[in-house]
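For reference, the structure discussed in these notes is given below.
Protein chains: 2
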Amino acid sequence: MKKIINKPENIVKEELEGVAVAHPDLVKVHYDPHFVVRVDAPIKGKVGIISGGGSGHEPMHGGFVGMGMLDAACPGAVFTSPTPDQMLEATKAVNGGAGVLHIVKNYTGDIMNFEMAADLARGEGIEVSSVVIDDDVAVKDSLYTAGRRGVGSTVLAEKVCGAAAEQHKSLKEVTDVCVKVKNWGRSMGMALTSCTVPHVGKPTFDLPENEMEIGIGIHGEPGRQRLPLKSADEIVEMLMEPIISDIPYKSGEQVLLFVNSMGGTPLLELYVAYRKAHEIASKHGLKVVRNLIGPYITSLEMAGISITMLKMDDELLKLWDAPVKTPGLRWGI
Amino acid sequence: MKKIINKPENIVKEELEGVAVAHPDLVKVHYDPHFVVRVDAPIKGKVGIISGGGSGHEPMHGGFVGMGMLDAACPGAVFTSPTPDQMLEATKAVNGGAGVLHIVKNYTGDIMNFEMAADLARGEGIEVSSVVIDDDVAVKDSLYTAGRRGVGSTVLAEKVCGAAAEQHKSLKEVTDVCVKVKNWGRSMGMALTSCTVPHVGKPTFDLPENEMEIGIGIHGEPGRQRLPLKSADEIVEMLMEPIISDIPYKSGEQVLLFVNSMGGTPLLELYVAYRKAHEIASKHGLKVVRNLIGPYITSLEMAGISITMLKMDDELLKLWDAPVKTPGLRWGI
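Those protein sequences? They're chains Z and X, same order as listed.
For the first sequence, the positions run 649 to 981 when the numbering used here is used.
For the second sequence, the positions run 649 to 981 when the numbering used here is used.
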């Protein structure tokens, strides 16, 4: 296992220590239970927004804590759901009296633990709403998941909901924005290589030198099919077709196109893929009005990409363009 | 070779096509000869800033074209110097009458071709100055290089020189800022894996499963030594010690600490490394006042990191904090 780590059991704690010393102007790190929280939380009268999940997907979620995005993020162990006490403590820490939204990716453990935390928080008088993101069109039901997995749309939901909360929209309004992203976003991913979970120490799966896996999950869960390695253009077609045909997006609509690295694929290849994805979207009459290109929801060092497309309306455009200041996304301030 | 590409010979052109459709608000792409240029170039009365080099190091340099950073970037083929005609055309395209600065990494081909382009541009009446960045403390002379290689400080130089030019400083003043970064920045890198140059199709070097290479260059040039794989803390010590002892930075000084991914190493590991690098800098009495953490000067999909430290004074701090709006770095606007 080739990684720049110390003991596998300390990786998340040490990463959080790195985040804490790197970004003291933006976030605080709370240990035992672990969560990353905005330095100015709680903000009176503002809806608090929390997400979380297993570590190994950085910058999601801890890198998206800050002005205009998340109020707190709860990192579990690598590829392991955070615990209800993390989510409960984070919920209390960001409660400014206007309620708290939990943005949850559709994995069985995440859902169970966020539900438990929400119940406990309600018991303490905090209004909590939850939205489950399930945007991965690759598979119905999967390892760890009933229904579709939650992937790239989560990043976009965190951005636009964060902007809505920053404008002091109500919990109902911020939740509605999140539901819109849940309904309008679709994703699909593929892998060239497996990742290696640090405490396992060997690759999650074997993928021969001339093969790829289409429809892979962000924890290396099985996809739709293994195929001989194809060209970038063919790979992008295999990801875009199921996305576009799923909603279906209508010709003339505006979309945000997000080409994401699974961790080990560099920007050079992402732009080659973006070129084709943009071309395919345009051929379907879709107008790509915003984009995001880079490693934002990763799967450790896995080589591969995912593509997310989100239908945009005027509300989402304004929220996307609003200022954001986090370690992982920053503009306008 | 597992990459998301089409034909290796088209990779740079297709990447540039991706950049062009992704960022039409920020940059234009000129083909034959290839260069990426600010959409609003030339800007009358502003010093133009150009850099360039082989492709494969994205987002450097093309991703750093835009307001507050570069006016143009010239991408060569992968790991191959751009040609003088690229640099000449880019120089002419960004000439707003106040002169043009060439920021050059210390590789023999880059230097020769930038010098030729500068001579040709001067022949056309454009004032050109050049600064060669040679910040890699790992080795004296190397494959492709006489003297030290130019690496991470280049990114920092592009940011602060871009800010100085944006304030309509003179060519002499912007050049002086670049020389300051050249003098005050030091870097060192290491690799866990080789990268594969697309048109070669096989790894540049072999590195057994339990070994790493310390002092590697960004083209896979040999480093100082091969060693059994060490812990993150030990690796960071091996990079920080030569950096700190080289200048030497004095206790009490302010520094920018830049932990960079070589391409295949994900953010999770960068923060583990940053934690230790920050601790070591602090133990030496250095005050880390700014940082940069992520993949900014990469070596295709190579797994590994580099660390750059730059001494900061009030001038550099103000220039670093100034607004920037490029595909790869963006804040303040």
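In this text, a Cβ means the ideal position worked out from N, Cα and C, and glycines have one as well.
No experiment lies behind these values; they were computed from the predicted model shown.
| Query | Result |
| --- | --- |
| Segment contact, 8 Å Cβ cut-off, at least three pairs: the region 803 to 813 of chain Z with the region 952 to 967 of chain Z | yes |
| Candidates Z:Lys-655, Z:Gly-912, Z:Ser-699, Z:Ala-929, of which the one nearest Leu-804 (chain Z) by Cα | Z:Ser-699 |
| Where Cys-722 (chain X) falls: helix, strand or coil (DSSP) | strand |
| Thr-956 (chain X) - containing beta strand (DSSP E), residue span | 952 to 960 |
| Straight-line gap, Glu-763 (chain X) to Met-836 (chain X) (C-alpha atoms, nearest Å) | 26 Å |
| Three or more C-beta pairs below 8 Å linking the region 761 to 779 of chain X and the region 841 to 853 of chain X | no |
| Integer Cβ distance of Tyr-922 (chain X) from Gly-666 (chain Z), believed to fall under 8 Å | 4 Å |
| Contacts that Glu-917 (chain X) makes with chain Z (C-beta to C-beta distance below 7 Å) | Lys-651, Ile-652, Ile-653 |
| Pair within 8 Å by beta-carbon distance, Met-957 (chain Z) and Ile-928 (chain Z) | no |
| Any 3 or more C-beta pairs closer than 8 Å across the region 934 to 942 of chain Z and the region 897 to 905 of chain Z | yes |
| Backbone secondary structure at Ala-839 (chain Z) - three-state DSSP | strand |
| For Asp-986 (chain Z), the nearest candidate out of Z:Ile-697, Z:Ala-786, Z:Glu-917 (CA to CA) | Since the first residue shown for chain Z is 649 and the last is 981, residue 986 (chain Z) is missing from the structure and cannot be characterised. |
| For Leu-791 (chain Z), the nearest candidate out of Z:Tyr-755, Z:Met-735, Z:Gln-815, Z:Ala-766 (CA to CA) | Z:Tyr-755 |
| Nearest neighbour of Ser-947 (chain Z), chosen from Z:Val-687, Z:Thr-852, Z:Ala-670 [CA to CA] | Z:Thr-852 |
| Among Z:Pro-656, Z:Gly-833, Z:Glu-859, Z:Asp-824, the one whose alpha carbon lies nearest that of Leu-840 (chain Z) | Z:Glu-859 |
| Ile-953 (chain Z): contacting residues in chain X (beta-carbon distance under 7 Å) | Ile-652 |
| Nearest-angstrom Cα separation, counted from Thr-913 (chain X) out to Pro-914 (chain Z) | 10 Å |
| Terminal residues of the beta strand (DSSP E) in which Arg-686 (chain Z) lies | 683 to 686 |
| Where Gln-873 (chain Z) falls, given that 16 or more other Cβ within 10 Å makes a residue buried | exposed |
| Residue ranges of each beta strand (DSSP E) within the region 759 to 788 of chain Z, 3 or longer | 776 to 781 |
| Ranges of the alpha helix (DSSP H) found wholly within the region 889 to 941 of chain Z, counting only runs of at least 4 | 915 to 931 |
| Rounded separation between Ile-941 (chain X) and Leu-918 (chain X) - CA only | 7 Å |
| Gly-890 (chain X) to Gly-704 (chain Z) span [Cα, whole Å] | Correcting the residue type first, residue 890 (chain X) is Pro in the shown sequence and not Gly. The alpha-carbon atoms of Pro-890 (chain X) and Gly-704 (chain Z) are separated by roughly 31 Å. |
| Neighbouring residues, chain X, relative to Val-920 (chain Z) (Cβ below 8 Å) | Ile-652, Ile-653, Asn-654, Ile-659, Glu-662, Glu-663, Gly-666 |
| Closest Cα partner of Glu-657 (chain Z) within the set Z:Lys-651, Z:Ala-725, Z:Thr-731, Z:Pro-681 | Z:Ala-725 |
| Residues from the region 869 to 882 of chain Z in contact with chain X, defined by Cβ distance under 8 Å | Leu-877, Ser-879, Ala-880, Asp-881 |
| Ile-759 (chain X) and Val-748 (chain X) closer than 8 Å at C-beta | no |
| Residue range of the unbroken alpha helix (DSSP H) whose run includes Ile-659 (chain X) | 659 to 670 |
| Residue span of the beta strand (DSSP E) that contains Gly-696 (chain Z), given as start and end | 696 to 703 |
| Through-space distance from Ser-729 (chain Z) to His-816 (chain Z), alpha-carbon basis | 30 Å |
| Within 9 Å of chain Z by C-beta, residues of the region 957 to 981 of chain X in sequence order | Lys-973, Pro-975, Gly-976, Arg-978, Trp-979, Gly-980, Ile-981 |
| Cβ-Cβ separation, Met-910 (chain Z) to Gly-952 (chain Z) (assumed contact under 8 Å), whole Å | 4 Å |
| Contacting residues, own chain, Cβ-Cβ under 8 Å from Ala-880 (chain X) (five flanking each side not counted) | Glu-917, Val-920, Ala-921, Lys-924 |
| Of the residues Z:Thr-802, Z:Asp-782, Z:Glu-806, the one placed nearest Gly-795 (chain Z), counting alpha carbons only | Z:Asp-782 |
| Three-way DSSP call (helix, strand, coil) for Glu-859 (chain Z) in this model | strand |
| Length of the line joining the Cα atoms of Ala-741 (chain X) and Val-685 (chain X) | 8 Å |
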